[in-house]
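**Q**
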Amino acid sequence: MSRRKVLAIVGGGTIVAAGAATGLFAATRRPDRALAPWSAAGEAIEPRRHALSYAILAPNPHNRQPWLVELEGSDTVILHRDAERDLPETDPHARQLTIGLGCFLELMTIAAAQTGHGVDLDLYPEGENGPVAAARFFEGASLDPLFAHVLQRRSCKEPYSNEAVPADLIDQLTPLADIRTDPKDVAALRELTWQAWETEAFTPRTMQESVDLMRFGKSEINANPDGIDLGGPFLEALMLAGMLSREAQSDPSSTGFKEGVKIYKEMLHATPAYAVLTTPGNERSDQIEAGRRWLRLNLTTTALGLSLHPVSQALQEFPEMKPHYDAVHKLLADTGHTVQMLGRLGFGPTVPPSPRWPLETRIVDG
Ligand SMILES: Cc1cc2nc3c(=O)[nH]c(=O)nc-3n(C[C@H](O)[C@H](O)[C@H](O)COP(=O)(O)O)c2cc1C
Numbered sequence: 001m002s003r004r005k006v007l008a009i010v011g012g013g014t015i016v017a018a019g020a021a022t023g024l025f026a027a028t029r030r031p032d033r034a035l036a037p038w039s040a041a042g043e044a045i046e047p048r049r050h051a052l053s054y055a056i057l058a059p060n061p062h063n064r065q066p067w068l069v070e071l072e073g074s075d076t077v078i079l080h081r082d083a084e085r086d087l088p089e090t091d092p093h094a095r096q097l098t099i100g101l102g103c104f105l106e107l108m109t110i111a112a113a114q115t116g117h118g119v120d121l122d123l124y125p126e127g128e129n130g131p132v133a134a135a136r137f138f139e140g141a142s143l144d145p146l147f148a149h150v151l152q153r154r155s156c157k158e159p160y161s162n163e164a165v166p167a168d169l170i171d172q173l174t175p176l177a178d179i180r181t182d183p184k185d186v187a188a189l190r191e192l193t194w195q196a197w198e199t200e201a202f203t204p205r206t207m208q209e210s211v212d213l214m215r216f217g218k219s220e221i222n223a224n225p226d227g228i229d230l231g232g233p234f235l236e237a238l239m240l241a242g243m244l245s246r247e248a249q250s251d252p253s254s255t256g257f258k259e260g261v262k263i264y265k266e267m268l269h270a271t272p273a274y275a276v277l278t279t280p281g282n283e284r285s286d287q288i289e290a291g292r293r294w295l296r297l298n299l300t301t302t303a304l305g306l307s308l309h310p311v312s313q314a315l316q317e318f319p320e321m322k323p324h325y326d327a328v329h330k331l332l333a334d335t336g337h338t339v340q341m342l343g344r345l346g347f348g349p350t351v352p353p354s355p356r357w358p359l360e361t362r363i364v365d366g
């Protein structure tokens with residue numbers, strides 16, 4: 001059995017075993033219920049529900065889906081951050097969660113244009129402890145060509161090929177992000193992202209936060225379509241064989257944990273370029289803006305046939321991470337500016353969508 005197949009994963013996201021088993025077992029392992037929101041998107045007629053059915057497909061940290069919406073009056077969406085979905089260990093100031101909400105708002109706006117609606121956004125109308133945004137839909141908007149890539153967009157958590165990102169593609173990304181391809185920068189970032197990942201994985205309380213969000217196999221994924229989904233025929237076979245379990249993932253001395261570490265090291269190093277978003281300030285509005293830009297960047301990479309994968313460990317704000325946080329800021333940002341997003345960029349494989357809670361579960365009464 002190859003190392004890539006002995007998957008035991010720590011630290012984030014959908015994992016797909018390469019060359020997974022085929023046959024009846026494989027055919028029954030797709031978590032259809034958890035993926036249904038991807039096929040239901042766009043079915044609603046009412047303009048706000050139509051746009052929201054796409055917005056819930058936005059990228060967001062640990063796939064927490066930290067959004068709750070109220071439909072107010074006939075034309076307004078009130079967006080709240082769901083505090084029950086906070087990540088107190090790895091995102092103590094909810095900076096990353098707020099970026100995810102920025103991704104949500106941008107995707108909602110792009111989808112609203114499909115029904116001819118513009119969106120007036122009022123951010124934090126009652127201050128930072130209140131709703132994230134009041135979004136008023138109005139008639140009259142032109143289509144956004146990035147909409148065509150919404151259903152194919154992914155965070156691709158796989159090794160990328162050695163192929164350099166061509167200059168003409170980089171030119172199309174530079175209005176949205178700082179793209180780093182210089183071999184010295186790339187080598188430094190490979191090492192930094194790896195060391196930061198190790199720090200998160202070997203700090204028990206931050207590791208446990210991830211383990212608690214792991215969903216092992218189809219029935220757990222369907223029951224809780226969020227967090228870190230470990231599914232597919234191969235991983236489920238490992239679970240049946242007792243080789244991939246919640247216990248092993250909490251135990252750095254277990255074989256399963258050690259194999260996971262090797263796989264992540266290999267994947268993080270298999271990166272030819274990075275995309276970086278920085279902001280001069282670090283207010284909530286800056287974080288929302290960074291999320292909006294990240295979403296557009298991720299749709300643009302999709303359009304160009306490129307893969308993108310946020311690697312946020314070095315940007316996390318807990319004490320053990322401080323040396324990596326400082327190093328990444330020294331390398332990537334002007335003094336006093338904040339690195340909001342750092343992502344691997346290159347050519348990766350096609351990967352399946354990640355689970356989502358259905359829209360109806362994310363709508364609350366005002
Ligand atoms: C602010 C932010 C930070 C993220 N950080 C990481 C990360 O450190 N590692 C990772 O594998 N994915 C990271 N992601 C990607 C999410 O895990 C991913 O968006 C989520 O699982 C949903 O998958 P999708 O983007 O393929 O739809 C991040 C996403 C956002 C918006």
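Our numbering applies: residue 1 is where the sequence shown begins, and numbers increase by one.
Think of the CB as a built atom: it goes at the ideal place given N, C-alpha and C, for glycine as much as any other residue.
In this text the structure is predicted, and so the values were computed from the model without any measurement.
Since Gln340 contacts Ile99 with CB under 8 Å, what's their CB separation in whole angstroms?
**A** Yes, Gln340 and Ile99 are in contact; Cβ-Cβ is about 6 Å, under 8 Å.
**Q** Go through its chain and collect everything with a Cβ distance to Leu192's Cβ below 7 Å, but skip five positions before and after it.
**A** Ala314, His324, Ala327, Val328, listed in sequence order.
**Q** When DSSP builds the beta bridges, which residues end up paired with Val339?
**A** Thr278
**Q** Span of the beta strand (DSSP E) holding Gly118?
**A** 117–123
**Q** Taking contact to mean at least 3 C-beta pairs separated by less than 8 Å, is the stretch 282–301 in contact with the stretch 95–114?
**A** With the cut-off at 8 Å, the stretch 282–301 and the stretch 95–114 touch.
**Q** Would you kindly report the start and end of the unbroken beta strand (DSSP E) that includes Met214?
**A** 214–216
**Q** Which stretch, first to last residue, makes up the beta strand (DSSP E) that contains Thr76?
**A** Note, Thr76: beta strand (DSSP E), 76–81.
**Q** Suppose contacts are defined by Cβ-Cβ distances below 8 Å. Is Pro153 in contact with Leu345 by that definition?
**A** The displayed chain sequence assigns Arg, not Pro, to residue 153. No.
**Q** Determine which residues share a DSSP beta bridge with His309 and list them.
**A** Arg344
**Q** Could you tell me whether the Cβ atoms of Pro37 and Ile56 are closer together than 8 Å?
**A** Yes, the pair counts as a contact, with Cβ atoms nearer than the cut-off.
**Q** Is any non-hydrogen atom of ligand 1 found closer than 7 Å to the C-beta of Arg284, if you look at the structure I gave you?
**A** no
**Q** Per the contact definition of three or more C-beta pairs closer than 8 Å, is the stretch 131–140 in contact with the stretch 110–121?
**A** yes
**Q** Thinking C-alpha only, which one of Ser161, Asn162, Ala113, His93 is nearest Glu128?
**A** His93
**Q** For Ile45, count the other beta carbons within 10 Å of its own beta carbon; 16 or more makes it buried, fewer makes it exposed. Which is it?
**A** exposed
**Q** Please state whether DSSP places Leu202 in a helix, a strand or coil.
**A** The sequence given here has Phe at residue 202, not Leu. The answer is coil: DSSP assigns Phe202 none of H, G, I, E or B.
**Q** Quick one: any contact between the stretch 198–217 and the stretch 248–257, if contact means 3 or more CB pairs under 8 Å?
**A** Proximity of the stretch 198–217 to the stretch 248–257 meets the contact definition, three or more beta-carbon pairs being nearer than 8 Å.
**Q** Is Pro355 near Leu87, with beta carbons less than 8 Å apart?
**A** no
**Q** Distance check for Gly227 and Gly242, CA to CA, integer angstroms please.
**A** Approximately 22 Å, taken between the alpha carbons.
**Q** Shorter than 7 Å, the distance from the beta carbon of Gln313 to the closest heavy atom of ligand 1, or not?
**A** At least one heavy atom of ligand 1 lies closer than 7 Å to the C-beta of Gln313.
**Q** Am I right that Pro131 and Ile78 are in contact with their C-beta atoms under 8 Å? What's the rounded C-beta distance?
**A** Contact between Pro131 and Ile78 holds, since their C-beta atoms are separated by about 5 Å, short of 8 Å.
**Q** Report whether the distance from the Cβ of His62 to the nearest heavy atom of ligand 1 is below 7 Å.
**A** yes
**Q** For Thr350, count neighbouring C-beta atoms within 10 Å of its own C-beta (all shown protein chains included) and say buried if the count is 16 or more, exposed if not.
**A** exposed
**Q** Just grab the DSSP bridge partners of Ile228 for me.
**A** Met214.
**Q** Flag this pair as yes or no: are the beta carbons of Ala273 and His149 separated by less than 8 Å?
**A** Using a Cβ distance threshold of 8 Å, Ala273 and His149 do not count as a contacting pair.
**Q** Run through DSSP, which three-state label would Val364 get?
**A** The answer is coil: DSSP assigns Val364 none of H, G, I, E or B.
**Q** Give me the Cα-Cα distance between Val165 and His337, rounded to the nearest whole angstrom.
**A** Computed Cα separation, rounded: 27 Å.
**Q** Mind checking whether the beta-carbon of Pro358 lies closer than 7 Å to any heavy atom of ligand 1?
**A** no
**Q** Taking the CB atoms as reference points, tell me whether Leu359 and Arg33 lie closer together than 8 Å.
**A** For Leu359 and Arg33, no; Cβs fall outside 8 Å.
**Q** Under the three-state reduction of DSSP, which class applies to Glu163: helix, strand or coil?
**A** coil
**Q** Counting C-beta neighbours from all protein chains within 10 Å, is the total for Pro310 16 or more, i.e. buried, or is it exposed?
**A** buried
**Q** From Glu283 to Arg81, what distance separates their C-alpha atoms?
**A** 16 Å
**Q** How many Å lie between His269 and Pro145 at the Cα?
**A** 33 Å
**Q** Using only alpha-carbon positions, find the residue among Arg180, Leu52, Thr28 that is nearest to Trp357.
**A** Of the listed residues, the one whose Cα sits closest to Trp357 is Leu52.
**Q** Quick one: grab the DSSP three-state call for Glu283.
**A** If DSSP states are grouped into helix, strand and coil, Glu283 belongs with coil.
**Q** Just to confirm before moving on: does the CB-CB distance between Leu121 and Ala113 stay below 8 Å?
**A** Not closer than 8 Å, so no.
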